[in-house]
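Here the structure comes first, spelled out in structure tokens, and everything after it is commentary.
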Amino acid sequence: MKKKVQVILIILINSLFLHAQQQPKGIIGTSNWLNNWTNFKPAANEYNEATNIIAGTIEKDTKLVKRNTYQLVGVVYVTNNATLTIEPGTVIRGDDKTCGTLVITNGSKIIAEGLETDPIIFTSNKEKTERKPGDWGGIIVMGKAPINTLGGLQTLPFDLEPTLNHYGGQDAEDYSGILKYIRIEYAGRKLSAQKELNGLSLAGVGKKTLVSHIQISFSNDDSFECYGGNLNMNNLISYRTTDDDFDFTQGAQINITNSIAIRHPFSSDISGSRCFEVDSYEKVANTDMTKPMTQINASNITLINLEENNQGLVRESVYVKENTLFNLSNSVVSGFTPFILLEGSIGNGEANLSKIALKNVVANNCTGEISSESASNNPGLKSYYSNPDFGVQFTKMKNNELFALPNIKGNPDFRLNVNNTIAIGN
């Protein structure tokens, strides 16, 4: 009897080990979830001229409908705990001259729930031959979830109305609405060298807020930036942004899954552009060190550089700063130099490196592995992350071998090629 039990236990352990080895990597889905609602050639789209102007302040519940095309003029604030609802298929065009920007203030909500067959589109008001990154501002959502700045409240550096520019609080479950099946194109106006709007800025946004199936293309700064807050985010696409694809700071507590950053080296910023930039603060002096530091749990992520000649300004795929927790699992990174870069002050001891966990990750065509800004740390990093328990694979494959259909000129599919052994966990 004892022998039978031992055999069963061995089979069970082997089964669990095999299952762990076969966790799918990169973005996943039984079908290609990039179909139908995305657009990788937004410059080719002809949108209707605006029939309605949105300007000033929205102080009561308001609905935007598909039959109209809207022009967003200047900074438009949703205030007074009002809810802005946007019908599936609605097109909102950001005004170039006045830097059209939509701000959902603390306590107000946005219900922008498009459909796979009818997404909501925020785009430039320019003619299709004239559109470029930074034509308009972007979307800003401010909530009541915790941040780690002193006093627990903060303002955004975007020249917003002072009485309306505040976020943070104590409610990790705060609800700012729904953002689903949305495209944001040509946003990210640079107001000055130090003030740059993002495609989507989420400041102190709580975890009851739904952020899913959003494509941000040709942003002139970051695509997605989270300033603190607690969020579960999934099925996000960042395409050809100028700066970072996903930027996290101020103690953000984020779970991000099944999402992709598609970089092009000639769309990158000379200051250094990454798929992920993760930090806990800009200045320690402004930070409440008793509050949680930024923690990002990223799983089933695909980070890809479209140009395989490794020219242009593409650098590391991920940059992690000190006092930050970053977990990357079941993911694929292809075409960066190096794979991951750590701030020099992190050091190479286990106490620091245990905060930066990798599991079941493929680093393909990456020149350099996990590196530090301080080169003296690199031998220790290499030794630490070479542990087989991390399951980090370094491969050399063409994108069209690794991915199902990595051609944005058609209908791209960036799931792993099912004929490749990497896709089945070997």
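The opening position of the sequence shown corresponds to residue -8 in the numbering used here, with each subsequent residue numbered one higher.
Backbone N, C-alpha and C define an ideal beta-carbon position, used for all residues, glycine too.
Treat the numbers as computed from the prediction; the structure is a model and nothing was measured.
In whole angstroms, what separates the C-alpha of residue i from that of residue j?
| i | j | result |
| --- | --- | --- |
| T117 | Y61 | In the sequence as displayed, the identity of residue 117 is Lys instead of Thr. So the two alpha carbons sit approximately 13 Å from each other. |
| Y68 | L344 | 42 Å |
| D404 | I19 | 10 Å |
| A276 | G143 | 14 Å |
| R180 | K373 | 39 Å |
| Q12 | P379 | With a pLDDT of 49 at Q12, under the threshold of 50, the modelled position of this residue cannot be trusted; read the value that follows with caution. Between Q12 and P379, the C-alpha separation is close to 12 Å. |
| E164 | G242 | 15 Å |
| Y158 | Y218 | 9 Å |
| G340 | V94 | 43 Å |
| S377 | G359 | 13 Å |
| T240 | S271 | 5 Å |
| K186 | F215 | 15 Å |
Quick check on this structure: which residue in the options has the alpha carbon closest to the alpha carbon of residue i?
| i | options | result |
| --- | --- | --- |
| T328 | Q206, E364, N410 | E364 |
| Q14 | V352, Y310, T42 | V352 |
| P124 | D380, P379, P79, A34 | A34 |
| E334 | E307, N318, Q161, N391 | E307 |
| A41 | G98, V94, I112, T48 | I112 |
| A354 | F381, N339, A342, I337 | F381 |
| T108 | D235, N26, R254, Y38 | N26 |
| L170 | Q145, V383, T76 | T76 |
| I49 | S377, A252, L155 | L155 |
The ligand NAP and residue i: does the residue's C-beta get closer than 7 Å to at least one heavy atom of that ligand?
| i | result |
| --- | --- |
| G340 | Absent from the structure shown: the ligand NAP. Ligands present: none. |
With C-beta atoms as the reference, is residue i less than 8 Å away from residue j?
| i | j | result |
| --- | --- | --- |
| I175 | L191 | yes |
| T315 | V269 | yes |
| A178 | S210 | yes |
| T114 | L188 | no |
| K100 | S167 | yes |
| N249 | N225 | yes |
| S322 | G80 | no |
| L319 | I337 | no |
| N420 | K57 | In the structure as shown, the chain starts at -8 and stops at 417, and residue 420 therefore has no counterpart that could be examined. |
| N390 | I295 | yes |
| I247 | R231 | no |
| A73 | I173 | no |
| D235 | N139 | no |
Using the three-state DSSP reduction, which class does residue i fall into: helix, strand or coil?
| i | result |
| --- | --- |
| N223 | strand |
| V275 | helix |
| I337 | helix |
| L188 | coil |
| D404 | strand |
| T154 | helix |
| Y375 | helix |
| D109 | strand |
| N368 | helix |
| E392 | helix |
| G129 | strand |
| F381 | helix |
| L142 | First, the residue type needs correcting, since residue 142 is Gly and not Leu in the sequence shown. Reduced to three states, the DSSP call for G142 is helix. |
Open item on the list: For the pair the segment 394 to 402 and the segment 366 to 374, tell me if three or more CB-CB distances fall below 8 Å.
Closed with: No, the segment 394 to 402 is not in contact with the segment 366 to 374.
- [ ] Tell me, please, whether the segment 77 to 85 touches the segment 46 to 64 by the rule of three or more beta-carbon pairs shorter than 8 Å.
- [x] When Cβ pairs closer than 8 Å are counted between the two stretches, the segment 77 to 85 is seen to touch the segment 46 to 64, the count reaching three or more.
Open item on the list: I'd like to know if the segment 119 to 137 and the segment 207 to 224 are in contact, where contact means that at least 3 CB-CB pairs between them fall below 8 Å.
Closed with: Three or more beta-carbon pairs drawn from the segment 119 to 137 and the segment 207 to 224 are found closer than 8 Å, and the two stretches are therefore classed as touching.
Open item on the list: Using a Cβ distance threshold of 8 Å, determine whether the segment 330 to 340 contacts the segment 276 to 296, with at least three qualifying pairs required.
Closed with: The segment 330 to 340 vs the segment 276 to 296: no contact.
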